[in-house]
Amino acid sequence: NVKYMFGIVGVPVIEIAIAAQVAGIKYVGMRNEQAACYAASAVGYLTGRPAVCLVVSGPGLINTLSGMANSNMNCWPLIVIGGSSDSNQETMGAFQEFPQVETCRLYSKFSARPSSLEAIPIVIEKAVRTSMYGRPGSCYVDIPGDFVNKYPACCLPRPISLADPLEVQKAVAALKKAQNPLIIIGKGAAFSQAENNIRRLVNECGLPFLPTPMGKGVVPDDHPFSVAAARSSALLHADLILLLGARLNWMLHFGLPPRFQPDVKIIQ
Numbered sequence: 001n002v003k004y005m006f007g008i009v010g011v012p013v014i015e016i017a018i019a020a021q022v023a024g025i026k027y028v029g030m031r032n033e034q035a036a037c038y039a040a041s042a043v044g045y046l047t048g049r050p051a052v053c054l055v056v057s058g059p060g061l062i063n064t065l066s067g068m069a070n071s072n073m074n075c076w077p078l079i080v081i082g083g084s085s086d087s088n089q090e091t092m093g094a095f096q097e098f099p100q101v102e103t104c105r106l107y108s109k110f111s112a113r114p115s116s117l118e119a120i121p122i123v124i125e126k127a128v129r130t131s132m133y134g135r136p137g138s139c140y141v142d143i144p145g146d147f148v149n150k151y152p153a154c155c156l157p158r159p160i161s162l163a164d165p166l167e168v169q170k171a172v173a174a175l176k177k178a179q180n181p182l183i184i185i186g187k188g189a190a191f192s193q194a195e196n197n198i199r200r201l202v203n204e205c206g207l208p209f210l211p212t213p214m215g216k217g218v219v220p221d222d223h224p225f226s227v228a229a230a231r232s233s234a235l236l237h238a239d240l241i242l243l244l245g246a247r248l249n250w251m252l253h254f255g256l257p258p259r260f261q262p263d264v265k266i267i268q
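With UniProt numbering, letter number 218 in the sequence shown gets 218, and the count goes up by one each step, no holes.
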């Protein structure tokens, strides 16, 4: 899924840039980490797939925060990989030590530091998947310096990528029981290119839907099941709402009364 990497190399991420190029990823050297992050964000915007921004620790990572926040707010997939202090030097005042994972958590969908060499593939896979699936955004992976030139003895199995089938069955059962169900289609559905599946759901189940401004076009506005013209009434009378790539933010009144029923059920 990843074809491009932008960044500024330095200790301890030089070997990561070399390994990426060996794996066929095109590395583009930049003059500033902020520009590197915005360039990687632009690839995510244009292609729908994440590019990587590779930076060193401390100041290098701090320079990416504006690009990371911009990508996350605009639903552009992005992976930022930052080098950090050795795992045995954490909290000891290592060179350019900084709470990188905690800081990036404010501006990303996912921020993590692998606990071991064996966990790196799982964390990377989760970051790539999280950056694209649902509502796209930025993800951060923190790589300790002493992990870079080591080889794991084994690898853990891949994580489960699909929802629990029992939870899916519960959601279907709740939809069947609902008297006034409503689908809210957000920009996450548009960015994930889920229009075919959503149109099939609407058509075959006869479910009314309401698009957010950035969710328009996933299902045509002139569709007979569109309730956009009666938005307030549809929200108020729905007893179950299925969110598809949407969030209950200020645009949807946070899903709270008096715009929503006090006991409305939400499936997300």
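Just so you know, even glycine gets a beta-carbon here, dropped at the ideal spot from N, CA and C.
Round the Cβ separation of residue i and residue j to the nearest angstrom and send it over; I've been treating them as touching at under 8 Å.
i: Ala-189; j: Gly-245; result: 3 Å
i: Val-55; j: Ala-39; result: That belief does not hold up - the Cβ atoms of Val-55 and Ala-39 are roughly 12 Å apart, past 8 Å.
i: Val-80; j: Tyr-27; result: Val-80 to Tyr-27, Cβ: 15 Å. No contact.
i: Ser-138; j: Met-68; result: 5 Å
Rounding to the nearest angstrom, what Cα-Cα distance links residue i and residue j in this structure?
i: Ile-184; j: Lys-177; result: 18 Å
i: Pro-59; j: Pro-262; result: 47 Å
i: Val-210; j: Ser-108; result: Per the sequence presented here, residue 210 reads as Leu, with Val not at that position. Rounded to the nearest angstrom, the two C-alpha atoms are 27 Å apart.
i: residue 274; j: Asn-196; result: Because the chain in this structure spans residues 1 to 268, residue 274 falls outside the shown range and cannot be described.
i: Ser-84; j: Leu-235; result: 47 Å
i: Val-52; j: Gly-215; result: 26 Å
i: Asn-63; j: Tyr-4; result: 19 Å
i: Ala-238; j: Asn-149; result: 56 Å
i: Lys-126; j: Ala-163; result: 14 Å
i: Lys-187; j: Lys-170; result: 25 Å
i: Thr-212; j: Leu-256; result: 17 Å
i: Gly-217; j: Asn-180; result: 23 Å
Check the DSSP bridge columns for residue i and list the partner residues they point to.
i: Lys-26; result: Tyr-4
i: Ala-238; result: Ala-238 pairs with nothing; no bridge assigned.
i: Pro-262; result: Answer is none; Pro-262 lacks a bridge partner.
i: Ile-81; result: Leu-54, Val-141
i: Ser-226; result: Phe-209
i: Phe-110; result: Cys-139
Here's the rule I'm using: 16 or more other beta-carbon atoms within 10 Å means buried, otherwise exposed. How should residue i be labelled?
i: Leu-78; result: buried
i: Tyr-76; result: Residue 76 is actually Trp in this sequence, not Tyr. That one is buried.
i: Leu-46; result: exposed
i: Ala-20; result: buried
Does residue i have its Cβ less than 8 Å from a Cβ in chain D?
i: Pro-262; result: Considering every chain present, this structure includes no chain D. It has just one protein chain.
Original post:
For the stretch 112 to 184, which segments carrying the beta strand (DSSP E) assignment without a break, of at least 3 residues, lie completely within its bounds, in sequence order?
Top reply: Taking only runs of at least 3 residues, the beta strand (DSSP E) segments lying wholly in the stretch 112 to 184 are 138 to 144.
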